Amino acid sequence: MSKRNCHNCGAEIEGHVYPYPEYGMPFQEGERCYCTKPECQQAGHDYIEECERAERAKRALNMSFVVKELHIPNKYASATIDDRGAPTAKALTDWCLNPLGGLAFVTGPVGVGKTHILYAVKKLCYVHQIPCWIEDLPELATKWSAMKPWEAMQSARAILRFPGVVLLDDLGAERDDSLKEDSRITDMLNAIISEREKWQRRTLVTSNLSLDAIATRYGPRTSSRLDGGKVVKFTGKDRRLM
4 MSKRNCHNCG
14 AEIEGHVYPY
24 PEYGMPFQEG
34 ERCYCTKPEC
44 QQAGHDYIEE
54 CERAERAKRA
64 LNMSFVVKEL
74 HIPNKYASAT
84 IDDRGAPTAK
94 ALTDWCLNPL
104 GGLAFVTGPV
114 GVGKTHILYA
124 VKKLCYVHQI
134 PCWIEDLPEL
144 ATKWSAMKPW
154 EAMQSARAIL
164 RFPGVVLLDD
174 LGAERDDSLK
184 EDSRITDMLN
194 AIISEREKWQ
204 RRTLVTSNLS
214 LDAIATRYGP
224 RTSSRLDGGK
234 VVKFTGKDRR
244 LM
């Protein structure tokens, strides 16, 4: 059995690269080797994770994979976290990778790319293997209206307790008549935002409404919680009309 040197500490070792054997992958000539020291084993795991993350990043650029496997609509299949510039990309990436990121609020007029960036965050979650739950809030409100009260509550509770990243698109676009007829919808949306903020669970909310308009529609507490998180404001013309 040929001798090699640990890529991390330089010590001479024999046999297979660590930690490839536990992944069931045979050693290939030229691959990195790691000895059995804990810090070197960790370095081996980190290297494998880095390689796997790079592979997932490549798959996230494949439009067919994005649509079929990540269930991202064709319109947003090419979205990337860099599409709104470096400052926005850094802000949302730092938020997404922080397990205690709490609330993020993306606001701006119609058609400036809020839903676009939301799907870019979903792709970022895939690359970094972060569980992700996405909801279109107008559709969710319609679904809740058709449910029995206990079923709607179970649905809201599942979102509230979800341990990964929750992406809530288009807050404020729910039909006014449905909110007036069923106050539970507003209550459940407020509860989701409130509880997830309390536990610092990563939750990104997009809206055409300003914080003042949200205070009028959902109450000052919800507006205050969103304002206390990471706020990203988009400006510009409606890209759908350009």
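My numbering puts the first residue of the sequence shown at 4, with every later residue one more than the last. Beta carbons are placed, not taken as given, at the ideal position from N, Cα and C, and that holds for glycine. Note that this is a predicted model, so its numbers are computed, not measured.
Assuming the contact rule is C-beta atoms closer than 8 Å, Y129 and A63 should be a hit. Round their C-beta distance to whole Å, please.
Contact flag correct, Cβ pair sits at about 6 Å.
Go ahead and pull the three-state DSSP assignment for D172.
Here D172 sits in strand by DSSP.
Since S210 is in the alpha helix (DSSP H), which residue starts that stretch and which ends it?
For S210, no alpha helix (DSSP H) run applies; the uninterrupted beta strand (DSSP E) run containing it begins and ends at 206-210, by DSSP.
Completely contained alpha helix (DSSP H) runs for the region 107-176, where each covers 4 or more residues:
If we require 4 residues or more, the alpha helix (DSSP H) runs fully inside the region 107-176 come out as 117-130, 140-149, 152-164.
Just to confirm, are C12 and C36 a CB contact at a threshold of 8 Å?
Contact: no.
Three or more C-beta pairs under 8 Å: does that hold for the region 44-54 against the region 73-90?
Contact between the region 44-54 and the region 73-90 is absent: fewer than 3 CB-CB pairs across the two stretches fall below 8 Å.
I need the straight-line Cα distance from D230 to R7, nearest angstrom please.
Rounded to the nearest whole angstrom, the C-alpha separation of D230 and R7 is 55 Å.
Is it the case that the region 124-144 contacts the region 170-177, given that we only count it when at least three CB pairs across the two stretches are under 8 Å?
Verdict: yes, contact present.
Taking contact to mean 3 or more Cβ pairs, one atom from each stretch, closer than 8 Å, check whether the region 150-169 and the region 107-117 are in contact.
The answer is no - the region 107-117 does not touch the region 150-169, with fewer than three Cβ pairs under 8 Å.
Grouping DSSP H, G and I as helix and E and B as strand, with all else coil, what is K61?
The answer is helix: DSSP assigns K61 an H, G or I state.
Would you grab the beta carbon distance between C2 and K146 for me? Rounded to a whole angstrom, and I think it's under 8 Å.
Beyond the ends of the chain as shown, which are 4 and 245, falls residue 2; an answer cannot be given.
Cβ separation of I217 and T206, assumed to be a contact under 8 Å, to the nearest whole Å:
Your pair I217 and T206 does not check out as a contact, with CB atoms roughly 14 Å apart and the cut at 8 Å.
Tell me, which residues are paired with E15 by DSSP?
According to DSSP, E15 bridges with N8.
Closer than 6 Å by C-beta to V234: which residues in its own chain qualify, once you throw out the five before and the five after it? Chain order, please.
Contacts found: F108.
What residues in its chain sit with their C-beta under 7 Å from that of R243, if we drop five residues either side in the sequence?
Excluding positions up to five away in sequence, the list reads G114.
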